[in-house]
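Trainee:
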Amino acid sequence: MASVRRLRTARERVTKVPSLNAYEVIRGQQRDGWVVVRQRGSHIRLHKHMVEETLKITVPAHKPIKRSTLSHIIKQARLELESFIKLV
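For the sequence shown, my numbering gives the first residue as 21, with consecutive numbering after it.
#1: When the distance is taken between beta carbons, is VAL57 closer than 8 Å to ARG65?
#2: In chain order, what residues of the same chain have a beta carbon less than 6 Å from the beta carbon of LYS76, not counting five sequence neighbours either side?
#3: So if DSSP puts GLN59 in a beta bridge, which residue, or which two residues, is it bridged to?
#4: If you run the structure through DSSP and keep just helix, strand and coil, what is LEU75?
#5: Could you have a look at HIS92 and say whether DSSP puts it in helix, strand or coil?
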């Protein structure tokens, strides 16, 4: 039996986490309402005030940020990857 190879449509494509530096990530987060609270050494702290809680994330000031680290930052910010990419 011959296997049928199907091409993925644009909707089915898997989006990879982009390779970005810290300042691109922070600029994107600020567009989403995050505020830079402080920086200590090579880590930048951001807060976002929600109705019932305050979200807090720490972004390492590295060039570039590891993709796995960026993936965790996006999850902590409660964003989808596609919406984060639009912000950046």
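Virtual Cβ for every residue (Gly too), placed ideally from N, Cα, C.
These numbers were taken from a predicted model, which means no experiment stands behind them.
Mentor: In brief:
#1: Here residue 65 is taken as the residue at index 45 of the sequence shown, counted from 1. Here residue 57 is taken as the residue at index 37 of the sequence shown, counted from 1. Yes, the Cβ-Cβ distance between ARG65 and VAL57 is below 8 Å.
#2: Along the sequence shown, read from residue 1 onward, the residue named residue 76 stands at position 56. Cβ neighbours of LYS76 beyond the five flanking positions: HIS67.
#3: As a working mapping, residue 59 is identified with position 39 in the sequence shown. The partner list for GLN59 (beta bridge, DSSP) reads ILE64.
#4: To locate residue 75, count along the sequence shown from 1; it is residue 55. In this structure, LEU75 counts as strand in the three-state DSSP scheme.
#5: For the purposes of this step, residue 92 is taken as residue 72 along the sequence shown, with counting starting at 1. It is helical.
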